[in-house]
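Colleague:
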Amino acid sequence: MPWTATEKTAFSRRAFLAGLGGASFLVGSALSKLSFAAPLLDPALLDAPLFASTRREANGKYALSIFDEAGMDIARVALPDRGHGMALSPDKSRMMVFARRPGTFAVLIDLRAQSEPQILSSIPGRHFYGHGCFSADGRLVYAVENDYEAVRGVLGVYDVSGADIQRIGEIETGGVGPHDLLLTEGGRSVVIANGGIQTDPKTPRAKLNVETMDPSVVYLDLENGDLLAQHRLAKDLHKLSLRHMAEDGAGRVWVGGQYEGDSAEMPPLVARFSRDEELKLSEIPMPLMEDLQSYIGSVVANNSGDVIATSAPRGGKTLFWDAKTAELIGSETIIDGCGVAPIDDSSFLVSDGAGGLSYVEEPDSYPEVLARPAGVSWDNHMIAFSQA
Numbered sequence: 035m036p037w038t039a040t041e042k043t044a045f046s047r048r049a050f051l052a053g054l055g056g057a058s059f060l061v062g063s064a065l066s067k068l069s070f071a072a073p074l075l076d077p078a079l080l081d082a083p084l085f086a087s088t089r090r091e092a093n094g095k096y097a098l099s100i101f102d103e104a105g106m107d108i109a110r111v112a113l114p115d116r117g118h119g120m121a122l123s124p125d126k127s128r129m130m131v132f133a134r135r136p137g138t139f140a141v142l143i144d145l146r147a148q149s150e151p152q153i154l155s156s157i158p159g160r161h162f163y164g165h166g167c168f169s170a171d172g173r174l175v176y177a178v179e180n181d182y183e184a185v186r187g188v189l190g191v192y193d194v195s196g197a198d199i200q201r202i203g204e205i206e207t208g209g210v211g212p213h214d215l216l217l218t219e220g221g222r223s224v225v226i227a228n229g230g231i232q233t234d235p236k237t238p239r240a241k242l243n244v245e246t247m248d249p250s251v252v253y254l255d256l257e258n259g260d261l262l263a264q265h266r267l268a269k270d271l272h273k274l275s276l277r278h279m280a281e282d283g284a285g286r287v288w289v290g291g292q293y294e295g296d297s298a299e300m301p302p303l304v305a306r307f308s309r310d311e312e313l314k315l316s317e318i319p320m321p322l323m324e325d326l327q328s329y330i331g332s333v334v335a336n337n338s339g340d341v342i343a344t345s346a347p348r349g350g351k352t353l354f355w356d357a358k359t360a361e362l363i364g365s366e367t368i369i370d371g372c373g374v375a376p377i378d379d380s381s382f383l384v385s386d387g388a389g390g391l392s393y394v395e396e397p398d399s400y401p402e403v404l405a406r407p408a409g410v411s412w413d414n415h416m417i418a419f420s421q422a
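Per the numbering used here, the sequence shown starts with residue 35, numbered consecutively.
Written as structure tokens, this is what we have:
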């Protein structure tokens with residue numbers, strides 16, 4: 035699975051901005067046109083609890099929102115279409131927003147500089163899968179992509195250190211339908227959840243290989259692309275698409291699944307693993323299991339890494355796990371709640387499709403709705419600046 039160099043490709047933002055139909059980039063509570071005469075974020079704010087998520091606005095357009103722990107908008111940047119995941123650079127100076135599958139755009143936003151966002155499009159024959167991450171030094175961005183003609187997942191490698199974004203290579207992910215990814219081992223390797231689902235943009239949301247799905251999690255060496263480890267579930271769980279992940283304080287990775295088989299089967303949906311440990315499924319009590327509708331959305335650790343939150347938006351539940359014992363320690367009802375981010379060592383924010391931002395102080399405490407902007411629908415994921 036070698037690291038393959040590609041011809042450097044510079045991405046112009048001119049054609050992309052034209053495709054926005056005149057949409058302006060927005061900042062501040064007044065949401066006026068952004069002239070880039072000042073940084074998007076006041077550097078002093080970067081030490082405060084800040085969060086980011088993509089969303090659909092009341093006017094039907096899409097944006098990235100950066101907000102505080104009370105749900106107050108600090109900044110917004112218009113997007114050309116629906117976004118999904120975000121990546122924050124280690125120094126918190128830049129953010130990359132990725133299109134939802136099968137989108138072909140990503141937006142690099144400089145949070146401190148007086149400059150326009152940089153836009154890139156996926157190369158021909160590829161689309162993004164909605165997630166990516168920065169390298170440990172912030173020079174590169176790794177983006178999961180679909181090489182749909184060859185039916186393989188790849189990790190696109192982008193140099194974001196210069197004036198223009200350059201695609202400098204790619205690494206095979208060792209599977210189909212790569213989704214989430216995490217840097218590990220100090221940034222020397224990456225763990226990727228290969229969801230196992232074959233898709234093609236000609237039929238954008240169709241799942242083409244459910245009967246032969248082969249999901250896995252893999253560890254790849256980022257220096258040479260070597261496969262360091264690969265773990266699979268038992269064969270009778272091959273329809274459990276492994277999607278989103280978080281690393282706990284002990285270095286184990288937690289992953290949430292979305293089951294593509296018979297809904298009556300209700301297999302476990304949450305597992306944990308490491309480079310040297312196979313996937314271990316966590317048990318969910320059957321009365322609660324019935325509520326989850328075979329779908330886990332976000333997987334997030336608190337700041338200390340001893341509690342893992344897993345959202346189940348279709349079932350309107352958010353579950354909390356003790357990372358050391360793998361025991362379920364709480365569940366809360368938040369209708370269509372999917373985006374989750376830690377506020378501190380115990381509490382979380384949860385966003386929902388009806389625009390709500392809910393505060394969960396403890397795993398067994400009742401959620402408190404902090405804000406619900408009229409007409410807004412939050413997308414699936416939220417990130418906390420504290421976890422950069």
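Beta carbons are placed, not taken as given, at the ideal position from N, Cα and C, and that holds for glycine.
For S308 and Q292, what's the separation of their Cα atoms in angstroms?
Modeller: In the sequence shown, counting from the first residue as 1, residue 308 sits at position 274. In the sequence shown, counting from the first residue as 1, residue 292 sits at position 258. If I take the Cα positions, the gap works out to 20 Å.
Colleague: Keeping to the same chain, check which residues put their C-beta closer than 8 Å to that of Y329; ignore five residues upstream and five downstream.
Modeller: Here residue 329 corresponds to residue number 295 of the sequence shown, with the count starting at 1. Cβ within range, chain order: Q292, Y293, L303, A346, P347, R348 and G349.
Colleague: Quick one: give me the first and last residue of the beta strand (DSSP E) that P407 is part of.
Modeller: Along the sequence shown, one-based indexing puts residue 407 at 373. Unbroken run through P407: none, as it is neither H nor E.
Colleague: Between A57 and the rest of its own chain, which residues show a CB-CB distance below 7 Å, the 5 nearest in sequence each way excluded?
Modeller: Locating residue 57 in the sequence shown gives position 23, counting from the first residue. Note on A57: pLDDT 34, under 50, position unreliable in the model; no value is reported.
Colleague: In chain order, what residues of the same chain have a beta carbon less than 7 Å from the beta carbon of A92, not counting five sequence neighbours either side?
Modeller: For this step, residue 92 is matched to residue 58 along the sequence shown. Same-chain partners within the cutoff: A408, G409 and V410.
Colleague: Would you tell me roughly how many angstroms separate the C-alpha atoms of K67 and D115, rounded to the nearest one?
Modeller: For the purposes of this step, residue 67 is taken as residue 33 along the sequence shown, with counting starting at 1. For the purposes of this step, residue 115 is taken as residue 81 along the sequence shown, with counting starting at 1. Caution is warranted here: a pLDDT of 31 is assigned to K67, below 50, making its placement in the model unreliable, and the coordinate value is therefore given only provisionally. When rounded, the distance between both Cα atoms is 19 Å.
Colleague: Which stretch, first to last residue, makes up the beta strand (DSSP E) that contains L353?
Modeller: Along the sequence shown, one-based indexing puts residue 353 at 319. Taken as a continuous stretch (DSSP letters only), the beta strand (DSSP E) holding L353 covers K351 to D356.
Colleague: Sort out for me which residues DSSP pairs C167 with in a bridge.
Modeller: In the sequence shown, the residue the question calls residue 167 occupies position 133. Note: C167 sits in a beta bridge opposite Y176.
Colleague: Roughly how many angstroms separate the alpha carbons of V61 and D102, rounded to a whole number?
Modeller: Working through the sequence shown from its first residue, we reach residue 61 at position 27. Working through the sequence shown from its first residue, we reach residue 102 at position 68. Caution applies to V61, whose pLDDT of 28 falls short of 50 and renders its modelled position unreliable; the model cannot decide the point.
Colleague: Cβ-heavy atom distance between A280 and the ligand HEM below 6 Å?
Modeller: Here there are no bound small molecules, and the ligand HEM is not part of this structure.
Colleague: Which stretch, first to last residue, makes up the beta strand (DSSP E) that contains L383?
Modeller: In the sequence shown, the residue the question calls residue 383 occupies position 349. Note, L383: beta strand (DSSP E), F382 to D386.
Colleague: Do the segment 125 to 144 and the segment 157 to 168 make contact, defined as three or more Cβ pairs closer than 8 Å?
Modeller: yes
Colleague: Comparing alpha-carbon positions, which option in D248, L254, F419 and S123 lies nearest S427?
Modeller: A question about residue 427 goes unanswered here, because the residues of the chain that appear run from 35 up to 422.
Colleague: For S63, count neighbouring C-beta atoms within 10 Å of its own C-beta (all shown protein chains included) and say buried if the count is 16 or more, exposed if not.
Modeller: Position 29 of the sequence shown, counted from the start, is the residue given in the question as residue 63. Legend: pLDDT at S63 = 26, less than 50; position of this residue unreliable, no value from coordinates given.
Colleague: So, does the CB of E183 fall closer than 7 Å to a CB anywhere in chain D?
Modeller: Reference to chain D is not applicable here, since this structure consists of a single protein chain.
Colleague: Nearest by alpha-carbon distance to D193: which of D171, Y182 and S223 is it?
Modeller: As a working note, residue 193 is residue 159 in the sequence shown. Residue D171 is the option with its Cα nearest to D193.
Colleague: So, with DSSP's three-state summary, where would you put G119?
Modeller: Within the sequence shown, numbered from 1, the residue matching residue 119 stands at position 85. The answer is strand: DSSP assigns G119 an E or B state.
Colleague: Do you know offhand how far I231's Cα is from E204's?
Modeller: Position 197 of the sequence shown, counting from 1, holds the residue named residue 231. Position 170 of the sequence shown, counting from 1, holds the residue named residue 204. Using only the alpha carbons, I get a separation of about 20 Å.
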